[in-house]
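Only one structure is covered here, and it is reproduced in the block below.
There are 2 protein chains.
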Amino acid sequence: MKQVPNRIILPEEMMPKQWYNVRGDMPEQPEPLRNPGTGEIAKKEELYPVFCEELVEHEFTTERYIDIPEEVQELYKMYRPAPLHRAYRLEKELKTPAKIYYKYEGGNTSGSHKLNSAIPQVYYNKKQGITNLTTETGAGQWGTALAMACKFMNIGLTVYMVKISSIQKPYRKAVIETFGAKIIASPSDTTNAGRAMLAKDPDCMGSLGMAISEAVEDAVTSKNTRYTLGSVLNQVVLHQSVIGLEAKAQLEMVDEYPDIVIGCSGGGSNMGGLMSAFMQDKLTGKANPYFIAVEPSACPSLTRGVYAYDFCDTGKVTPLAKMYTLGCGFMPSSIHAGGLRYHGMSPILSKLYHDGFLDEARAVAQSKVFEAATLFAGAEGILPAPESSHAIRVAIDEAIKCRESGEAKTILFGLSGHGHFDMGSYISYQEGSMVDYEPTDEELQEGFAQLPKIDVQ
Amino acid sequence: MKQVPNRIILPEEMMPKQWYNVRGDMPEQPEPLRNPGTGEIAKKEELYPVFCEELVEHEFTTERYIDIPEEVQELYKMYRPAPLHRAYRLEKELKTPAKIYYKYEGGNTSGSHKLNSAIPQVYYNKKQGITNLTTETGAGQWGTALAMACKFMNIGLTVYMVKISSIQKPYRKAVIETFGAKIIASPSDTTNAGRAMLAKDPDCMGSLGMAISEAVEDAVTSKNTRYTLGSVLNQVVLHQSVIGLEAKAQLEMVDEYPDIVIGCSGGGSNMGGLMSAFMQDKLTGKANPYFIAVEPSACPSLTRGVYAYDFCDTGKVTPLAKMYTLGCGFMPSSIHAGGLRYHGMSPILSKLYHDGFLDEARAVAQSKVFEAATLFAGAEGILPAPESSHAIRVAIDEAIKCRESGEAKTILFGLSGHGHFDMGSYISYQEGSMVDYEPTDEELQEGFAQLPKIDVQ
Chain A
1 MKQVPNRIIL
11 PEEMMPKQWY
21 NVRGDMPEQP
31 EPLRNPGTGE
41 IAKKEELYPV
51 FCEELVEHEF
61 TTERYIDIPE
71 EVQELYKMYR
81 PAPLHRAYRL
91 EKELKTPAKI
101 YYKYEGGNTS
111 GSHKLNSAIP
121 QVYYNKKQGI
131 TNLTTETGAG
141 QWGTALAMAC
151 KFMNIGLTVY
161 MVKISSIQKP
171 YRKAVIETFG
181 AKIIASPSDT
191 TNAGRAMLAK
201 DPDCMGSLGM
211 AISEAVEDAV
221 TSKNTRYTLG
231 SVLNQVVLHQ
241 SVIGLEAKAQ
251 LEMVDEYPDI
261 VIGCSGGGSN
271 MGGLMSAFMQ
281 DKLTGKANPY
291 FIAVEPSACP
301 SLTRGVYAYD
311 FCDTGKVTPL
321 AKMYTLGCGF
331 MPSSIHAGGL
341 RYHGMSPILS
351 KLYHDGFLDE
361 ARAVAQSKVF
371 EAATLFAGAE
381 GILPAPESSH
391 AIRVAIDEAI
401 KCRESGEAKT
411 ILFGLSGHGH
421 FDMGSYISYQ
431 EGSMVDYEPT
441 DEELQEGFAQ
451 LPKIDVQ
Chain B
458 MKQVPNRIIL
468 PEEMMPKQWY
478 NVRGDMPEQP
488 EPLRNPGTGE
498 IAKKEELYPV
508 FCEELVEHEF
518 TTERYIDIPE
528 EVQELYKMYR
538 PAPLHRAYRL
548 EKELKTPAKI
558 YYKYEGGNTS
568 GSHKLNSAIP
578 QVYYNKKQGI
588 TNLTTETGAG
598 QWGTALAMAC
608 KFMNIGLTVY
618 MVKISSIQKP
628 YRKAVIETFG
638 AKIIASPSDT
648 TNAGRAMLAK
658 DPDCMGSLGM
668 AISEAVEDAV
678 TSKNTRYTLG
688 SVLNQVVLHQ
698 SVIGLEAKAQ
708 LEMVDEYPDI
718 VIGCSGGGSN
728 MGGLMSAFMQ
738 DKLTGKANPY
748 FIAVEPSACP
758 SLTRGVYAYD
768 FCDTGKVTPL
778 AKMYTLGCGF
788 MPSSIHAGGL
798 RYHGMSPILS
808 KLYHDGFLDE
818 ARAVAQSKVF
828 EAATLFAGAE
838 GILPAPESSH
848 AIRVAIDEAI
858 KCRESGEAKT
868 ILFGLSGHGH
878 FDMGSYISYQ
888 EGSMVDYEPT
898 DEELQEGFAQ
908 LPKIDVQ
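If you're matching them up, the sequences are chains A and B in order.
Heads up: the first sequence begins at 1 in our numbering, then just goes up one per residue.
Heads up: the second sequence begins at 458 in our numbering, then just goes up one per residue.
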């Protein structure tokens with residue numbers, strides 16, 4: 001048999017021309033969004049001041065396939081198809097009979113898969129005549145991706161960046177500004193929400209919840225402006241399906257199919273995208289891959305959260321979503337994987353997990369994650385993002401199990417991004433100053449007690 | 458005619474299996490290295506304490522092709538072949554009829570083409586039974602690449618990092634340490650050279666010349682240890698030929714051939730590699746592409762230097778090489794493209810330039826370089842390294858000339874690396890605090906006056 005190459009490259013003409021919408025094959029739909037005031041099911045029109053109309057459509061649709069507009073396909077071609085790597089050197093290092101594949105989404109300047117949803121979000125807004133977008137950013141990957149997409153399509157962008165992040169991460173800020181976006185440190189004096197916070201505490205260093213409130217307020221009060229979000233939403237899981245569609249086609253090129261599919265999971269954009277095409281096989285009975293979503297033990301929404309209606313933000317301005325949540329007031333400790341510090345989980349992934357299609361969630365401690373990241377970098381030559389390294393940790397653990405059992409399983413994991421802007425956390429690992437943290441049961445109960453009381457079934 | 462894809466991907470099986478040695482086709486050879494004490498032509502044996510024997514062979518050989526060892530080919534496959542991009546969006550932005558292609562070497566964690574020579578250098582040392590390597594690093598790209606290669610082949614590495622760089626660039630240091638190399642801030646108390654310097658000035662922040670002296674001393678006085686260098690040397694130009702060999706094969710896949718080939722040029726590793734296969738065509742009369750080497754106006758070795766024998770280092774411990782030089786004592790101003798701050802130029806490139814085969818050298822000011830870098834990032838979605846952006850500047854200038862003349866020339870330039878670790882310089886550009894600098898004629902004359910007086914012809 002011909003040897004599988006180190007990197008399996010999909011020909012450009014084989015790139016997906018449609019997104020796959022897992023809702024089209026789910027036996028039961030995720031619970032709908034609800035109005036936080038009335039508890040009623042939210043109508044599309046209620047979301048129009050916040051999101052452009054076609055994206056609201058993506059939020060609600062159960063169509064199985066959605067055409068990817070040609071302009072979006074063209075922009076995808078700037079950095080896609082993303083390579084699928086066979087991890088020969090990692091397999092050798094682990095002395096495992098397992099075959100390990102990883103889909104690498106870090107080969108673009110935003111450094112992660114976030115661009116896959118940023119491009120269509122900007123495209124549909126532009127098509128509707130929207131001239132400005134707002135968003136918030138903490139770690140900065142979404143902010144960078146959105147700034148790139150806005151620059152490509154020549155549309156304005158204001159990024160509310162958590163003040164402490166804008167101070168601690170001047171390089172991320174500089175990348176975003178290179179792509180022409182305007183950055184406002186949050187809390188700011190440009191919104192009511194920001195001014196109220198500054199009146200209370202002039203030295204406030206901000207939070208993601210605060211930044212969301214400002215970005216949404218800016219969007220709904222400014223002319224021709226809408227808000228965007230890089231995770232959690234159904235539309236994001238839809239757009240990110242290109243990851244899994246490509247990965248499946250690439251594995252087919254070498255006659256492979258995964259026994260296990262592993263992805264890190266914060267709001268669900270990466271895991272939802274990676275598993276898409278394989279989940280379709282599971283939902284339709286064509287195959288039965290085993291899915292593992294990996295989350296930080298410091299922010300364990302799937303493994304220790306409850307499945308309930310909750311706000312999507314800490315500021316409590318968004319509709320309610322039924323999801324696995326730690327409570328919207330949950331403040332994760334300052335673990336370094338900023339992209340995984342979210343109290344909830346995509347409603348789609350939550351439903352799939354609740355119904356047993358997403359087989360397992362596993363929480364891992366960050367020191368174990370960085371141990372895996374360092375091992376991976378040395379073997380494969382790619383310095384992974386802390387978020388992605390959660391998936392690496394579990395892929396390595398599963399490969400070691402195969403060594404012990406002698407099984408030659410095929411493992412696919414998502415390498416969602418590179419760690420070039422995360423060296424501060426590597427330094428803390430190397431210096432031995434990295435602390436593992438898990439919330440206590442009491443802390444979690446406190447969060448659950450704050451959940452909105454309008455959980456209609 | 459079929460549309461050229463955005464990224465032209467060479468199939469893995471078409472990767473070069475031999476390096477191309479331009480010396481095999483040069484009508485006159487570059488001048489030989491000379492012993493700095495006697496002025497005599499250096500013998501291979503004189504270099505054995507510093508470099509392993511096969512690499513000394515690469516330094517001297519005029520064989521046209523050298524087989525790439527299979528193990529090196531396998532390691533290349535971790536990140537090669539590197540994509541060739543068609544810059545459709547940049548062309549559109551510039552409204553130029555020119556067809557612009559760029560060979561992107563930044564798709565690996567070292568962030569540049571440096572890994573192409575790091576891997577064979579480590580391989581041949583390991584093969585000879587060498588157990589430890591030394592090198593110096595300033596900007597950090599070479600140090601990272603070598604640390605990766607040493608990790609892949611399990612051989613020890615000590616990197617002497619200019620002390621001020623190790624303080625200013627903790628992230629680069631952390632990347633190198635992630636790959637298991639030992640970093641010593643230079644000047645250090647581990648070598649005679651370092652101790653002497655510290656005795657004179659305990660607060661000395663170091664220089665590249667100082668770090669070279671320490672790395673070489675460490676190599677020649679330690680057991681089973683050799684020194685390595687990421688540019689200037691003939692062996693480096695040889696190994697980097699994979700860039701041009703791949704680029705030529707990729708252009709052939711879409712029936713193209715460059716009218717103009719543009720690369721940035723510090724010590725010559727990138728430009729030498731990019732032009733390799735095309736230079737062969739020129740030397741053998743098969744084609745006549747126009748070559749432009751781009752250098753910073755702050756360090757203009759080709760455009761304003763003299764062609765003379767000089768030391769390769771500021772510490773004056775190396776053999777003498779005949780090259781375009783500003784004098785080994787020349788201290789370039791602190792322009793941000795650290796990789797281009799070298800007083801001399803590869804003897805091979807110097808000879809080709811002197812004899813008119815390398816058609817043109819062009820010096821550009823850094824503010825113009827960052828203007829081009831920002832334009833390029835916005836159009837193509839890749840944040841370029843400051844070094845590579847020198848080539849971008851000239852590629853854009855040539856494309857604008859085509860717009861004015863109406864000529865649809867085919868332009869190939871080398872995008873040697875990404876700028877993820879160079880955001881400090883982007884910040885200085887965005888803040889408007891970037892200063893352009895050119896040495897005065899008097900400063901240059903001062904450097905030339907210091908050239909060694911043993912310039913035998």
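Built from N, CA and C at the ideal position, the CB exists for glycine as well.
* Span of the beta strand (DSSP E), counted from its first residue to its last, around Lys223(A) -> No beta strand (DSSP E) contains Lys223(A), which DSSP labels as neither H nor E.
* **Check whether Thr325(A) and Leu412(A) have beta carbons under 9 Å apart** => Not in contact: Thr325(A) and Leu412(A) (Cβ atoms no closer than 9 Å).
* **Runs of alpha helix (DSSP H) lying entirely within the stretch 141 to 219 of chain A, each at least 4 residues, in chain order** => 141 to 153, 163 to 168, 170 to 178, 192 to 200
* Residue(s) in a DSSP beta bridge with His58(A) -> Answer is none; His58(A) lacks a bridge partner.
* Coarse secondary structure for Lys534(B), derived from DSSP in three states -> coil
* **Residue from Ala704(B), Cys721(B), Ala668(B) whose Cα sits closest to the Cα of Ile749(B)** => Cys721(B)
* **Any C-beta of chain B under 9 Å from that of Gln450(A)** => Cβ-Cβ to chain B under 9 Å: no for Gln450(A).
* To do: Using three-state DSSP, classify Pro386(A) as helix, strand or coil.
  => Pro386(A) falls in the helix class under three-state DSSP.
* Asked: Of all the residues that make up the stretch 872 to 901 of chain B, which are near chain A by a beta-carbon distance shorter than 8 Å?
  -> His875, His877, Phe878, Met880, Gly881, Tyr883, Ile884, Gln887
* Per-residue DSSP class, three states only, for Glu752(B) -> strand
* Positions along the stretch 383 to 395 of chain A whose CB lies within less than 8 Å of some CB in chain B -> Leu383
* When DSSP labels each residue in this structure, what does Met483(B) get in the three-state scheme? -> Residue state for Met483(B) is assigned as coil, using DSSP reduced to three classes.
* **Proximity of Arg341(A) and Cys299(A) at Cβ, strictly below 9 Å** => yes
* To do: Identify every residue that forms a DSSP beta bridge with Thr831(B).
  => DSSP lists no partner for Thr831(B).
* Closest Cβ-Cβ distance between Ala249(A) and chain B: below 9 Å? -> no
* Report yes or no: is there a C-beta of chain A within less than 9 Å of the C-beta of Met605(B)? => yes
* Span separating the alpha-carbon of Leu740(B) from that of Pro484(B) -> 8 Å
* Counting pairs of beta carbons, one from the stretch 545 to 556 of chain B and one from the stretch 643 to 658 of chain B, are three or more of them closer than 8 Å? -> In this structure the stretch 545 to 556 of chain B does not touch the stretch 643 to 658 of chain B; the number of beta carbon pairs closer than 8 Å is below three.
* Asked: Do the stretch 229 to 237 of chain A and the stretch 62 to 74 of chain A meet, that is, are 3 or more Cβ pairs less than 8 Å apart?
  -> no
* To do: Ignore the nearest five residues each way along the sequence and tell me which others in Asn224(A)'s own chain have a CB closer than 8 Å to its CB.
  => Gly129, Ile130, Thr131, Asn132.
* Within the 9 Å Cβ cut-off, does Phe768(B) reach chain A? -> no
* Compute the Euclidean distance between the alpha carbons of Leu490(B) and Asp854(B), then round it to the nearest angstrom. => 37 Å
* Which residue comes first and which comes last in the beta strand (DSSP E) that contains Leu415(A)? -> 410 to 415
* To do: In the DSSP assignment, find the beta strand (DSSP E) that holds Tyr766(B) and state where it starts and stops.
  => 763 to 768
* Own chain, CB closer than 6 Å to Ala287(A), minus 5 neighbours either side, in chain order -> Asp281
* **First through last residue of the beta strand (DSSP E) which encompasses Ile523(B)** => 522 to 524
* Asked: Can you check whether the CB of Ala247(A) is closer than 9 Å to the CB of Tyr101(A)?
  -> yes
* Can you find a C-beta in chain B that's less than 9 Å from the C-beta of Asn108(A)? -> yes
* Start and end of the beta strand (DSSP E) containing Met253(A)? -> Segment 241 to 253 is the alpha helix (DSSP H) holding Met253(A); no beta strand (DSSP E) there.
* Asked: Among Lys825(B), Glu514(B), Ser567(B), which one has its Cα closest to the Cα of Gly876(B)?
  -> Ser567(B)
* Asked: Among residues of its own chain, excluding the 5 on either side of Gly786(B), which ones have a beta-carbon nearer than 7 Å to its beta-carbon?
  -> Thr771, Gly904, Gln907
* To do: From the DSSP output, in three-state form, read off Gly730(B) for me.
  => helix
* Got a sec: which bits of the stretch 162 to 189 of chain A sit with their beta carbon under 7 Å from any beta carbon on chain B, in order along the chain? -> Pro170, Tyr171, Ala174, Val175, Glu177, Thr178, Phe179, Gly180
* To do: Along the beta strand (DSSP E) that carries Val364(A), what are the first and last residues, could you check?
  => 360 to 364 is the span of the beta strand (DSSP E), which, as asked, contains Val364(A).
* Asked: Does the beta-carbon of Asp767(B) have 16 or more other beta-carbons within 10 angstroms, so that it is buried, or is it exposed?
  -> Here Asp767(B) is buried, its C-beta having at least 16 other C-beta atoms within 10 Å.
* Does Glu380(A) come within less than 9 Å of chain B when only Cβ atoms are used? -> yes
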